[in-house]
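Asker: Encoded as structure tokens, here's the structure I'll be asking about.
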Ligand code: SF4
Ligand code: F3S
């Protein structure tokens, strides 16, 4: 499965949702997640993210492992999103910042 990781937080560009053939992205206030039970591992979303927040669970950068569980947990709580919308207003400012996990709104 593919996993949305920390750099999506406070950015939420949503380019990823437009390419997913099974519509398995779910939206929270400042982050998106992928439902691991629905993802078919097509890899189409990975290159679409302008801030490189999406990885295969087998290739997660060090320190991002906790996002496997975060995606699985929040995908069952949040609503589905299938159409691109504007990124969050301060997306550029937040790109690449560390410690964004503390900002994750559930
Ligand atoms: Fe959707 Fe494919 Fe990305 Fe999985 S890998 S979330 S199926 S676009
Ligand atoms: Fe997030 Fe990137 Fe999608 S910032 S919403 S994973 S395009």
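Numbering (the UniProt record's numbering), first residue to last: 2 to 107. By construction, the Cβ of each residue, glycine as well, lies at the ideal position given by its N, Cα and C atoms.
Can you find a heavy atom of the ligand ADP that lies under 7 Å from the Cβ of residue 55?
Answerer: What this structure holds is the ligand SF4 and the ligand F3S, not the ligand ADP.
Asker: For residue 47 and residue 63, what's the separation of their Cα atoms in angstroms?
Answerer: Cα-Cα distance, rounded: 17 Å.
Asker: Please find out if some non-hydrogen atom of the ligand F3S comes closer than 7 Å to the beta-carbon of residue 52.
Answerer: Yes, the Cβ of residue 52 comes within 7 Å of a heavy atom of the ligand F3S.
Asker: Less than 8 Å between the beta carbons of residue 65 and residue 7, yes or no?
Answerer: In contact: residue 65 and residue 7 (Cβ atoms closer than 8 Å).
Asker: Flag residue 16 as yes if its beta-carbon sits less than 8 Å from any beta-carbon of chain D, otherwise no.
Answerer: Absence of chain D from the displayed structure is noted, only one protein chain being present.
Asker: Does the Cβ of residue 83 have 16 or more other Cβ atoms within 10 Å, making it buried, or fewer, making it exposed?
Answerer: Counting Cβ neighbours within 10 Å, residue 83 comes out exposed, since fewer than 16 surround it.
Asker: Could you tell me which residues DSSP puts in a beta bridge with residue 4?
Answerer: For residue 4, which the question treats as bridged, DSSP gives the partners 56.
Asker: Can you give me the Cβ contacts of residue 3 inside the same chain, cut-off strictly under 8 Å, excluding the 5 residues immediately before and after it?
Answerer: Answer for residue 3: 35, 40, 42, 44, 46, 47, 55, 56, 57 and 58, listed in chain order.
Asker: Looking at the structure shown, is residue 28 part of a helix, part of a strand, or coil, going by DSSP?
Answerer: Residue state, collapsed to three classes: strand.
Asker: Please check the pair residue 80 and residue 28, which I expect to be a contact at CB under 8 Å, by giving their CB distance rounded to whole angstroms.
Answerer: So it is a contact: roughly 6 Å between Cβ atoms.
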